[in-house]
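Numbering (my numbering), first residue to last: 417 to 672.
The next block holds one structure in the form of structure tokens; read it before the comments.
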């Protein structure tokens with residue numbers, strides 16, 4: 417599922433302060449998400465249904481800032497929900513424009529589309545990434561609750577005993593998992609030590625080889641020469657507005 421690969425790439429870009437472009441494409445349809453030092457600085461799409469004009473028609477009461485935020489949210493929602501299509505990463509690709517968005521807030525807005533934790537897992541906060549939990553706009557009570565997860569309870573109990581509806585807790589867990597702020601207890605690289613003083617980090621043994629930065633599992637990294645600022649700018653300026661062709665009656669009647 418390409419949406420899951422985009423979610424993973426988003427999380428790593430934020431967590432590792434990466435500069436890159438994340439591209440989803442299917443034939444001539446494109447979505448592009450540019451990160452600069454871990455900040456989402458541009459969201460682009462050439463799908464007509466995701467154009468500002470179409471979204472303004474559906475949401476006529478929005479002002480200019482509200483429309484810009486809504487356009488970004490729609491594009492992130494649809495990208496994370498994509499089942500088909502190819503995901504490519506373009507490390508170091510500079511954005512041709514600067515329209516910053518809160519990537520974590522956009523993930524939260526699309527949290528229903530993110531992968532759920534398996535029932536048999538035991539979520540644990542990873543101390544080195546705990547500050548990311550505070551950036552999830554789920555509310556102070558849920559943030560405090562997530563910070564207390566130590567891998568001693570399965571997901572079922574975590575949802576049942578949370579300070580909000582299980583659906584909200586599940587959404588917060590999903591975003592935290594994408595960001596790498598929570599892991600399953602058996603795979604935690606660090607643990608959070610509590611006591612009378614400030615929490616401290618106890619590192620686990622270092623892995624044999626560090627993972628390549630900002631590359632999502634299952635995603636393909638395009639060679640640097642495959643994408644240039646001019647290529648991306650041409651795509652954006654072109655506003656191709658390409659949607660998949662509707663099936664003709666004859667095609668619909670054809671056997672599969």
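Even for Gly, the Cβ is constructed at its ideal location relative to N, Cα and C.
Original post:
Out of curiosity, what's the CA-to-CA distance linking residue 573 and residue 602?
Top reply: Here residue 573 is taken as the residue at index 157 of the chain shown, counted from 1. Here residue 602 is taken as the residue at index 186 of the chain shown, counted from 1. Taking the straight line from one Cα to the other gives about 17 Å.
**OP:** Report yes or no: do three or more beta-carbon pairs, one from the stretch 434–448 and one from the stretch 498–516, lie closer than 8 Å?
**Re:** Because the criterion of three Cβ pairs below 8 Å is met, the stretch 434–448 and the stretch 498–516 touch.
**OP:** Report the option in 453, 567, 511 and 491 whose CA atom is closest to the CA atom of residue 471.
**Re:** Along the chain shown, read from residue 1 onward, the residue named residue 471 stands at position 55. 491 is the residue among 453, 567, 511 and 491 whose C-alpha sits nearest the C-alpha of residue 471.
Original post:
Under three-state DSSP, which class holds residue 538?
Top reply: Here the question's residue 538 lines up with position 122 in the chain shown. When DSSP states are grouped into helix, strand and coil, residue 538 belongs to the coil group.
Original post:
Helix, strand or coil: how does DSSP classify residue 552 here?
Top reply: Within the chain shown, the letter at position 136 stands for residue 552. Correct three-state label for residue 552: coil.
Original post:
Is the CB-CB distance between residue 565 and residue 542 below 8 Å?
Top reply: Within the chain shown, numbered from 1, the residue matching residue 565 stands at position 149. Within the chain shown, numbered from 1, the residue matching residue 542 stands at position 126. No, they are not a contact pair.
Original post:
Taking residue 500 as the reference, which of 546, 421 and 476 has the closest Cα?
Top reply: By 1-based counting over the chain shown, the position of residue 500 is 84. Taking each of 546, 421 and 476 in turn and checking the Cα distance to residue 500, the smallest one comes out for 421.
**OP:** Give the secondary structure of residue 509 by DSSP, where H, G and I count as helix, E and B as strand, and everything else as coil.
**Re:** On the chain shown, position 93 is the one that residue 509 refers to. Of the three classes helix, strand and coil, the one that applies to residue 509 here is coil, per DSSP.
Original post:
Taking just the CA atoms, how far does residue 467 sit from residue 547?
Top reply: Within the chain shown, numbered from 1, the residue matching residue 547 stands at position 131. Within the chain shown, numbered from 1, the residue matching residue 467 stands at position 51. The alpha-carbon atoms of residue 547 and residue 467 are separated by roughly 34 Å.
**OP:** For residue 452, write down the residues that DSSP places opposite it in a beta bridge.
**Re:** Position 36 of the chain shown holds residue 452. DSSP links residue 452 through a beta bridge to 455.
**OP:** To the nearest angstrom, report how far apart residue 629 and residue 426 are at their CA atoms.
**Re:** Residue numbering aside, residue 629 sits at position 213 when the chain shown is read from its first letter. Residue numbering aside, residue 426 sits at position 10 when the chain shown is read from its first letter. Note that residue 629 scores 40 on pLDDT, short of 50, meaning its location in the model is unreliable and no value can be drawn from it.
Original post:
Which class does residue 436 belong to by DSSP, given the choice of helix, strand or coil?
Top reply: One-based indexing of the chain shown puts residue 436 at position 20. The three-state reading of DSSP puts residue 436 in strand, counting E and B together.
Original post:
So what does residue 429 bridge to, in DSSP terms?
Top reply: For this step, residue 429 is matched to residue 13 along the chain shown. Its beta-bridge partners do not exist; DSSP assigns none.
**OP:** May I have the straight-line CA-CA distance separating residue 493 from residue 419, to the nearest angstrom?
**Re:** In the chain shown, counting from the first residue as 1, residue 493 sits at position 77. In the chain shown, counting from the first residue as 1, residue 419 sits at position 3. C-alpha separation (whole angstroms): 9 Å.
**OP:** Give the DSSP bridge partners of residue 600, in chain order.
**Re:** Taking the chain shown and counting its residues from 1, the one referred to as residue 600 is at position 184. Answer is 539, bridged to residue 600.
Subject >> Within the stretch 568–594, ranges of the alpha helix (DSSP H) (whole runs, at least 4 residues) >> reply: Those alpha helix (DSSP H) runs which fall completely within the stretch 568–594 and span 4+ residues are 571–576.
Original post:
For residue 503, which three-state DSSP category applies?
Top reply: Position 87 of the chain shown, counted from the first residue, corresponds to residue 503. Note: residue 503 maps to strand in three-state DSSP.
**OP:** With DSSP as the reference, please indicate the residues paired to residue 442 in a beta bridge.
**Re:** As a position in the chain shown, residue 442 is number 26, starting the count at 1. Bridge partners of residue 442: 445.
**OP:** From the DSSP output, read off the bridge partner residues of residue 461.
**Re:** Position 45 of the chain shown, counting from 1, holds the residue named residue 461. Per DSSP, 447.
Original post:
What three-state label does DSSP hand residue 479 in the structure shown?
Top reply: By 1-based counting over the chain shown, the position of residue 479 is 63. Three-state DSSP puts residue 479 in coil, outside helix and strand.
Subject >> Cβ pair residue 570, residue 538 closer than 8 Å >> reply: Working through the chain shown from its first residue, we reach residue 570 at position 154. Working through the chain shown from its first residue, we reach residue 538 at position 122. Yes, they are a contact pair.
Subject >> C-alpha distance - residue 520 paired with residue 428, whole-angstrom precision >> reply: The residue labelled residue 520 in the question sits at position 104 within the chain shown. The residue labelled residue 428 in the question sits at position 12 within the chain shown. The alpha-carbon of residue 520 is positioned some 12 Å away from that of residue 428.
Subject >> Cβ neighbours of residue 575 in the same chain (closer than 7 Å, five flanking residues each side left out) >> reply: Indexing the chain shown from 1 puts residue 575 at position 159. Hits under 7 Å: 582, 585 and 586.
Subject >> Rounded C-alpha distance that separates residue 433 from residue 485 >> reply: Locating residue 433 in the chain shown gives position 17, counting from the first residue. Locating residue 485 in the chain shown gives position 69, counting from the first residue. Taking the straight line joining both Cα atoms gives about 22 Å.
Original post:
Can you tell me whether DSSP reads residue 493 as helix, strand or coil?
Top reply: For the purposes of this step, residue 493 is taken as residue 77 along the chain shown, with counting starting at 1. Note: residue 493 maps to helix in three-state DSSP.
Original post:
What's the C-alpha gap between residue 453 and residue 577?
Top reply: Numbered from 1 along the chain shown, position 37 holds the residue referred to as residue 453. Numbered from 1 along the chain shown, position 161 holds the residue referred to as residue 577. Their Cα atoms are separated by approximately 37 Å.
Original post:
At what residues does the alpha helix (DSSP H) containing residue 474 begin and finish?
Top reply: Indexing the chain shown from 1 puts residue 474 at position 58. DSSP places residue 474 in the uninterrupted alpha helix (DSSP H) bounded by 468–474.
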